[in-house]
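Read left to right, the sequence shown gives residues 5 to 287 (my numbering). For every residue, glycine included, the Cβ atom is placed at its ideal position computed from N, Cα and C.
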Amino acid sequence: MLGAIIGDIVGSVYEWHNIKTKDFPLFRDDCFFTDDTVMTAATAEALMNGGEKDDFINAYKKWGRKYPNAGYGERFSSWLNSDEREPYNSWGNGSAMRVSPCAWLMNCGFYGRTGCWPSNGWAMVTRSAEVTHNHPEGIKGAQATAATIFLCRFYAEGHAFDFSKPWSIDELKAEIKKLIESNFGYDLSKTLDEIRPTYCFNESCQDTVPQAITAFLESTDFEDAIRNAISLGGDSDTLAAITGSIAEAAFGIPEWIKDKAWTCLDEPLRDVCRLWHKFTHET
C-alpha cells in the first residue's frame, strides 16, 4: 500500500509537467498526495470493514468526499458526489492504482501448495474494481496489477520454489511477464527506451498498466522502479503509484523513503496506514 502512495507523491508534480529522464529529485518540496493515495487508503479501509461490495462503495464515497479536490477524473467525481451506487462502465486506470491492498490479503501459502489463485482474495480484487470500473478493461487492469504484486510477494516471502530452488529476481520477472501476457493479453515486449519517446498522457488501464509493469520489470530496486515509471511521462502519479505498489512487494521500501513520504500525509491518512499495518500483521 505504501509503495503506491509513494509513487503517487513523487509523481504528483510531473503529471502535467512530464519529464523523460530518470535524473530528477525523488521528493521535491512541492510534492503532494493525490486521488491515488486517497483511493488506496479507501480500499484498505473497505477491506478492514469486510471487503464486500457496499464496503468498497461506502469507503470510496467517504474518502473521496473527505478530499474533494484530490484530482479525480470527471466521471468518478460525478459518481462520488451523487447518490448513485451502481458502476459506470469505466476502463480508467483508477481501478489499478487503488487495488494494491487487496493483493496483500491474498494467501501466498495456498498458491504455493495448490498452484491456484486464492479465490477469496481474487474476488476482493475484482470487487474493488467493478463497483465503479466494471468495463472489462477496468477490471483487467486491477487484476493484472494485483497478480503482479501477489507474485512479487510470493517471491519475496520465500514461497517461490521450483524443485526446492528459490527463484532469482530475474526468474520472478520472467514469470510475471509470461503470466501477464498469457492471462491478460498485455504486450510487455517493448522496453522503456522504446516506449518513452512517444508515450503521452493516457488515463486508460490498457495504456497505463502494461507500462507500469514494464517499469518494474526493468528496475533494480524500489527507487529505480519509481524513476523508471516517471521517466515515461504520461499520467505520472498514477503510473508511478502502480509501479510503486509492485516494487514494494518485490524489493521493500528504504526507510528514508518511507520517512519522507510520511511527512507528505495528513493525520487521517497516516491513521489508515497504521491501522492497515496492524490489520495485515494480525490477519
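When you compare each of Pro122, Tyr159, Ile234, Asp241 to Thr44 by their alpha carbons, which one comes out closest?
-> The shortest C-alpha separation from Thr44 is found at Asp241.
Backbone secondary structure at Phe167 - three-state DSSP | Note on Phe167: pLDDT 42, under 50, position unreliable in the model; no value is reported.
Around the C-beta of Ala63, are 16 or more other C-beta atoms found within 10 angstroms, so that it is buried, or is it exposed?
-> With 16 or more Cβ atoms within 10 Å of its Cβ, Ala63 is classed as buried.
Between Gly248 and the rest of its own chain, which residues show a CB-CB distance below 6 Å, the 5 nearest in sequence each way excluded?
-> Gly7, Ala8, Ile10, Gly11, Ile230
Using beta-carbon positions only, say whether Phe205 and Ala148 come within less than 7 Å of one another.
-> no
So who's on the other strand from Ser208, going by DSSP bridges?
-> Gly96
CA-to-CA distance, Phe37 to Lys26, given in whole angstroms = The straight-line gap from Cα to Cα measures roughly 21 Å.
Residue from Asn93, Phe226, Tyr76 whose Cα sits closest to the Cα of Thr41 | Tyr76
Between the C-alpha atoms of Gly55 and Pro140, what's the straight-line distance to the nearest angstrom?
-> Between the alpha carbons of Gly55 and Pro140 lies a distance of about 21 Å.
Specify whether the stretch 244–260 and the stretch 215–231 touch according to this definition: at least 3 beta carbon pairs, one from each stretch, less than 8 Å apart.
-> yes
Backbone secondary structure at Ser81 - three-state DSSP | helix
Please report how far the alpha carbon of Lys144 lies from the alpha carbon of Met110, in whole angstroms.
-> 17 Å
Is the stretch 97–110 close to the stretch 123–133, with three or more CB pairs under 8 Å?
-> yes
By a C-beta neighbour count over all protein chains shown, 10 Å radius and 16 as the cutoff for buried, is Glu90 buried or exposed?
-> exposed
Please report how far the alpha carbon of Trp119 lies from the alpha carbon of Phe154, in whole angstroms.
-> It should be noted that the sequence gives Gly, not Trp, for residue 119. Answer to the nearest angstrom: the Cα atoms are 13 Å apart.
Helix, strand or coil at Thr29 according to DSSP, with G and I counted as helix = In the sequence as displayed, the identity of residue 29 is Pro instead of Thr. In the structure shown, Pro29 falls within a coil segment according to DSSP collapsed to helix, strand and coil.
Take Ser208 as the anchor and find which of Trp95, His281, Asp275, Lys182 has the nearest alpha-carbon.
-> Trp95
Between Asp225 and the rest of its own chain, which residues show a CB-CB distance below 7 Å, the 5 nearest in sequence each way excluded?
-> Phe255
May I have the straight-line CA-CA distance separating Leu243 from Asp211, to the nearest angstrom?
-> 10 Å
With 16 other CB atoms within 10 Å as the buried threshold, where does Glu134 fall?
-> By the neighbour-count rule (16 or more Cβ atoms within 10 Å), Glu134 is buried.
Spatially closest choice to Trp260 from Met5, Glu19, Leu30, by CA coordinates = Leu30
Given Leu221 as reference, the closest of Lys262, Asn97, Ala178, Ser235 once Cα atoms are compared | Minimum Cα-Cα distance from Leu221 among the listed residues Lys262, Asn97, Ala178, Ser235 corresponds to Ala178.
Length of the line joining the Cα atoms of Tyr159 and Leu273 = 29 Å
Going by C-alpha distance, which of Phe283, Phe80, Pro72 is nearest Ile61?
-> Phe80
Whole-angstrom Cβ separation of Asp34 and Ala74, contact assumed at under 8 Å?
-> About 16 Å separates the two Cβ atoms, so there is no contact after all.
Counting only the same chain and skipping the five closest in sequence on each side, list residues whose C-beta sits under 6 Å from that of Ala100.
-> Gly145, Ala146, Thr149, Cys209, Val213, Ile246
Could you work out which residue in Lys57, Asp87, Thr284, Asp239 is closest to Val14 when comparing CA atoms only?
-> Asp239
Taking the alpha carbon of Leu292 as the point to measure from, which residue in Glu161, Thr195, Tyr92, Thr152 has its own alpha carbon closest?
-> With the chain represented from 5 up to 287, any question about residue 292 goes unanswered, as that position is not in the structure.
Take Gly125 and list the residues in its own chain whose beta-carbon comes closer than 6 Å to its own, dropping the five residues that flank it on each side.
-> Hits under 6 Å: Leu109, Met110.
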